[in-house]
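**Student:**
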Amino acid sequence: MGCGTTATDGASRNASNGQQSFDLFLGDKVGVIDYALNLLRNRCLADSGYPQNLQGMAAGPTTSFPYLKISAKSFGPTSEDEARRLGFGLDAPAQPGRVVSFDPSYDRVLERCQKEAYDSLDSNTKKILNSYKDLGNVLMTEFSVAMDRFIENEMPDASTGLLRCLKNKGYRPDDEVAFLANPDHRGFGVKFGDVEGGEDNWEPKRVKGTVQLGPPIPAKRYIPTPQESKLAVAWFQCRRDIGLTPRLIAFSNTAQAKIVAQHEARLVELNTDIERIARDAAQFANR
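Under our numbering, the first residue of the sequence shown carries the number 287, and numbering increases by one thereafter.
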């Protein structure tokens, strides 16, 4: 046997440094590349008489594959105050306005500008980026499957402990057998809230030959019902009392290490290309 460092060894060391195996996936750099591609494409569209995409695009890059950034927050609220404020919902981030085309000429220009944007970075950018995103989807899928199997096969005591704790707080699910098989907060007859202002209901006018830009969508807070907040706090307390989140995080680190070990060679190979393209993309994005 050799004395080289394995991915699992690296994961243990990363965990002690606040890092995880999935940190090897460069989601921040993918976000920079995507932003630069959109900016280049949208400037091309504007130069061709279609300014809508440029006017409506986001102000800067965002991380791609944020769900590969695993933390305690990935498994639910991290405090009673957070559970009370959010219930079982999530705030909705701001989004740029939607661009809707009823103009075949725009569609043809869009296709040309998209190709020119890719070629401005690297002739293989599209192929490399698609391969990297495919790999990101594989990592996410395999992680989800591993976590589901762990919860189902290795943690039946957690479901029992969670149910016992909730019952002691006055909460009984409609179907205890179903709850033990798959603990679900929706089985308690509690009414849930919604994001403030509801969903985006902008509809374009279907006028042939037009390209329309919808209004930007501001960030929206999730507003839980009082009953939802109370259940969420009880749920958080019970998860804490049975030590559920630390067990999930510990297994998460192990699962990440195994998954990365299976794909490490391909990931490292593509990272070299992604880092190179991201450097060029950053120069375009900052112009």
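For each residue, glycine too, the CB sits at the ideal point set by N, CA and C.
1. At 4 residues or longer, what runs of the alpha helix (DSSP H) sit wholly inside the region 432 to 508?
2. How is the beta strand (DSSP E) around Ser387 delimited, first residue to last?
3. What does the alpha-carbon distance come out to for the pair Thr531 and Gln548?
4. Got a sec? Which residues, its chain only, sit under 8 Å from Arg492 by beta carbon, not counting five neighbours each side?
5. So, helix, strand or coil for Gln381, using DSSP?
6. From which residue to which residue does the alpha helix (DSSP H) around Pro390 run?
7. DSSP three-state call for Thr427: helix, strand or coil?
8. If you scan the region 316 to 353 from start to end, which runs of the alpha helix (DSSP H) of 4 or more residues do you find wholly inside it?
9. Looking only at its own chain, which residues have a Cβ that is under 8 Å from the Cβ of Arg526, when we skip the five neighbours before and after it?
10. Assess, as a yes-or-no matter, whether the region 390 to 408 is touched by the region 434 to 444 under the definition of 3 or more beta carbon pairs within less than 8 Å.
11. Secondary structure at Phe537, three-state DSSP: helix, strand or coil?
12. Which of the three DSSP states, helix, strand or coil, is assigned to Thr558?
13. Please determine, among Cys524, Arg533, Ala344, Ser417, the residue with the shortest C-alpha to C-alpha distance to Ile560.
14. Quick check on Pro532: does DSSP put it in helix, strand or coil?
15. When you compare the CB positions of Ile509 and Glu482, do they come within less than 9 Å of one another, or not?
16. Taking the continuous alpha helix (DSSP H) assigned at Gln306, which residues delimit it?
17. If you reduce the DSSP assignment to three classes, tell me which class Asp566 lands in.
18. Is there contact between the region 366 to 380 and the region 516 to 526, where contact requires at least three CB pairs shorter than 8 Å?
19. My assumption, with CB atoms under 8 Å, is that Ala403 sits in contact with Leu326. Please give the rounded CB distance.
20. Please say whether Leu448 and Ile528 have beta carbons closer to each other than 9 Å?
21. Using 8 Å as the cut-off, classify the Cβ of Ser391 as near or not near the heavy atoms of the ligand ZN, replying yes or no.
22. Rounding to the nearest angstrom, what Cα-Cα distance links Gly288 and Thr540 in this structure?
**Tutor:** Quick answer:
1. When DSSP assignments are scanned along the region 432 to 508, the uninterrupted stretches of alpha helix (DSSP H) that are 4 or more residues long and fall wholly within it turn out to be 442 to 454, 462 to 467.
2. Counting along the chain, the unbroken beta strand (DSSP E) around Ser387 starts and ends at 385 to 387.
3. Within the model, the alpha-carbon separation for Thr531 versus Gln548 is close to 26 Å.
4. Excluding positions up to five away in sequence, the list reads Phe388.
5. Secondary structure of Gln381 (DSSP, three-state): strand.
6. Run containing Pro390: 390 to 407, per the alpha helix (DSSP H) assignment.
7. Residue state, collapsed to three classes: helix.
8. Listed in chain order, the complete alpha helix (DSSP H) runs (minimum 4 residues) inside the region 316 to 353 are 338 to 342.
9. If we look at Arg526 and ignore the five residues flanking it on each side, it has no Cβ neighbours.
10. No contact exists between the region 434 to 444 and the region 390 to 408.
11. Phe537: helix per DSSP, three-state reduction.
12. Note: Thr558 maps to helix in three-state DSSP.
13. Among Cys524, Arg533, Ala344, Ser417, the Cα nearest to that of Ile560 is on Ser417.
14. Under the three-state reduction of DSSP, Pro532 is assigned to helix.
15. Going by C-beta atoms, Ile509 is nearer than 9 Å to Glu482.
16. That residue, Gln306, is in no alpha helix (DSSP H); it is neither H nor E in DSSP.
17. DSSP places Asp566 in the helix class (H, G or I) of the three-state scheme.
18. Contact between the region 366 to 380 and the region 516 to 526 is present, with at least three C-beta pairs closer than 8 Å.
19. In this structure, Ala403 and Leu326 form a Cβ contact; the two beta carbons are roughly 4 Å apart against a cut-off of 8 Å.
20. Less than 9 Å separates the beta-carbon of Ile528 from that of Leu448.
21. Although the ligand ZN was asked about, the structure shown includes no ligands whatsoever.
22. Interpretation of Gly288 is limited by its pLDDT of 32, a score under 50 that renders its predicted location unreliable; the figure taken from the coordinates is listed afterwards. Going by C-alpha positions, Gly288 is about 22 Å away from Thr540.
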